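In terms of the working numbering, the sequence shown is numbered consecutively and its last residue is 1436.
Don't be surprised by glycine CBs; every beta carbon is placed ideally from N, CA and C.
Given the structure is predicted, the values throughout are model-derived calculations rather than measurements.
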Amino acid sequence: VIERGLSAQYPALAAHHDTPLESFHGIAIRGPDGAWTGVLSLLGEQACTDNPTDRALLHTAANRIRQELARADDEAHLRERELALARQLTSDAIESLDAGLMMLDADDRILKLNTRYLELYGLPRDRDYVGTPLRDIVR
1298 VIERGLSAQY PALAAHHDTP LESFHGIAIR GPDGAWTGVL SLLGEQACTD
1348 NPTDRALLHT AANRIRQELA RADDEAHLRE RELALARQLT SDAIESLDAG
1398 LMMLDADDRI LKLNTRYLEL YGLPRDRDYV GTPLRDIVR
């Protein structure tokens, strides 16, 4: 995409620059899933033509950004899977205890109860206690 005479077309954009903007070269950036993510652009103070070198530079930069987005997305998915596994292992370990276990936050709200704790204190299993103040179940 190439546009010329930007200052006249986009006064709000021009208001942020001391000199008139005369040209814009841009290329769409798409994420790993193909969805539009943004635009990589070159704004110029001089009118310019469609230059194959500039176009190639934009495409190279856009491809590099696309690769980095894909890498970051892959790393985020890996961290999510690792975190889910760690949570599951922790939950399984807590649930396998013979003792009743309750975890509280700094405000004495329940973070975790294992089944054994519910059994020992005769609390119903069909209720979610996460976030419940301790005082509400020890009355």
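query	result
Closest by CA to R1424, which one among L1410, S1393 and L1417?	L1410
When you compare each of S1338, V1435, L1375 and R1363 to Y1414 by their alpha carbons, which one comes out closest?	V1435
Grab the span of the alpha helix (DSSP H) containing I1391 for me, first residue to last.	P1349 to E1392
What are the start and end residues of the beta strand (DSSP E) that includes L1408?	I1407 to L1410
Measuring straight from C-alpha to C-alpha, what distance separates A1353 and N1360?	10 Å
Please tell me whether I1324 and H1356 are closer than 8 Å, where the distance is taken between their beta carbons.	yes
List the endpoints of the continuous beta strand (DSSP E) containing L1401.	M1399 to L1401
By DSSP's criteria, R1432 is part of a beta bridge. Which residues make up the other side?	Note: R1432 sits in no beta bridge, so no partner.
G1335 bridges to which residues according to DSSP?	I1326
Rounding to the nearest angstrom, what Cα-Cα distance links W1333 and T1350 in this structure?	24 Å
Pick from I1391, D1330 and G1397: whose alpha carbon is nearest that of A1367?	D1330
Only counting the same chain, and skipping five residues up and downstream in sequence, which positions put a Cβ closer than 8 Å to that of L1420?	L1410, Y1414, Y1426 and I1434
What is the rounded straight-line gap between the Cα of L1382 and the Cα of I1362?	30 Å
Go ahead and label A1403 buried or exposed: buried means 16 or more other beta carbons lie within 10 angstroms of its beta carbon, across all protein chains shown.	exposed
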